């Protein structure tokens, strides 16, 4: 999952998460009410924290036998999670992965059928292949068509609206961790 810096992309500021992941969008006719926003922000924050906890390495244990047993249990849980995720992914019938770029303020994706500029969208981005649970993001559409080639797919861009600060912070941490993995 490549992460790039600001100099390479004018739409984003700071580090950019870049990957081929499933993305689904829909128009939102009415602005989500406060309960919907709080629910989406809570779910997004929980997902980002879950991804963090699953990717963290356990700390050294003093008791080697206990440590070995915990590793066996962790492996079994990981296998079960992988199997359940695989079943759920097949049931969800997710769209094909496509190029997605994102920072804590917006998301961009290539598409042959772009949303209309200025419209409010809900975008679901499946950022972790192990968890078939998406980030659910609201935002306003910006659209840019590459000028160099009429056959090139349009690039849909969306600035997030009503994203909670804690979600924004967790998303920045996620992007930074991806960057750190890439340079390690």
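In our numbering, the protein residues as written are 405 to 588. We put the beta carbon where it would ideally sit given N, CA and C, even for glycine. Keep in mind it's a predicted model, so treat the numbers as computed, not measured.
In whole angstroms, what is the alpha-carbon distance linking residue i and residue j?
i	j	result
residue 494	residue 469	38 Å
residue 449	residue 467	34 Å
residue 513	residue 444	21 Å
residue 455	residue 520	32 Å
residue 425	residue 530	6 Å
residue 435	residue 453	27 Å
residue 509	residue 475	37 Å
residue 484	residue 544	38 Å
residue 504	residue 567	19 Å
residue 440	residue 535	22 Å
residue 473	residue 481	12 Å
residue 532	residue 584	16 Å
residue 576	residue 477	31 Å
residue 506	residue 479	31 Å
residue 410	residue 442	Bear in mind that the predicted position of residue 410 carries a pLDDT of just 43, short of 50, making it too unreliable to give a figure here.
residue 489	residue 582	21 Å
residue 405	residue 451	Residue confidence is low: residue 405 scores 48 on pLDDT, short of 50, so the model does not pin down where it sits. Its coordinate-derived value is still stated next. Cα to Cα, residue 405 sits roughly 18 Å from residue 451.
residue 587	residue 418	16 Å
residue 570	residue 580	15 Å
residue 420	residue 460	21 Å
Out of the options, which one is the CA nearest neighbour of residue i?
i	options	result
residue 523	509, 484, 542 and 492	542
residue 427	490, 419, 440 and 518	518
residue 416	587, 584 and 562	562
residue 578	484, 458 and 439	458
residue 430	536, 419, 525 and 480	525
residue 496	537, 502 and 477	537
residue 540	418, 491 and 572	572
residue 498	587, 528 and 574	528
residue 432	558, 565 and 576	565
residue 559	501, 582 and 516	516
residue 501	422, 489 and 438	422
Quick one: give me the first and last residue of the beta strand (DSSP E) that residue i is part of.
i	result
residue 435	Unbroken run through residue 435: none, as it is neither H nor E.
residue 580	Looking at the DSSP string, residue 580 is not in any beta strand (DSSP E); the run it does join, the alpha helix (DSSP H), is 569–587.
residue 564	558–564
In terms of DSSP beta bridges, what is residue i paired with?
i	result
residue 422	505
residue 602	Given that the chain is displayed from residue 405 to residue 588, the structure contains no residue 602 and the question cannot be resolved.
Query raised in the report: Which whole runs of the alpha helix (DSSP H) in the stretch 519–548 are 4 residues long or more, in chain order?
Result: List check, alpha helix (DSSP H) in window: nothing returned.
Query - Whole runs of the alpha helix (DSSP H) within the stretch 470–516, excluding any shorter than 4 residues - result: DSSP runs (the alpha helix (DSSP H)) wholly in the stretch 470–516: none.
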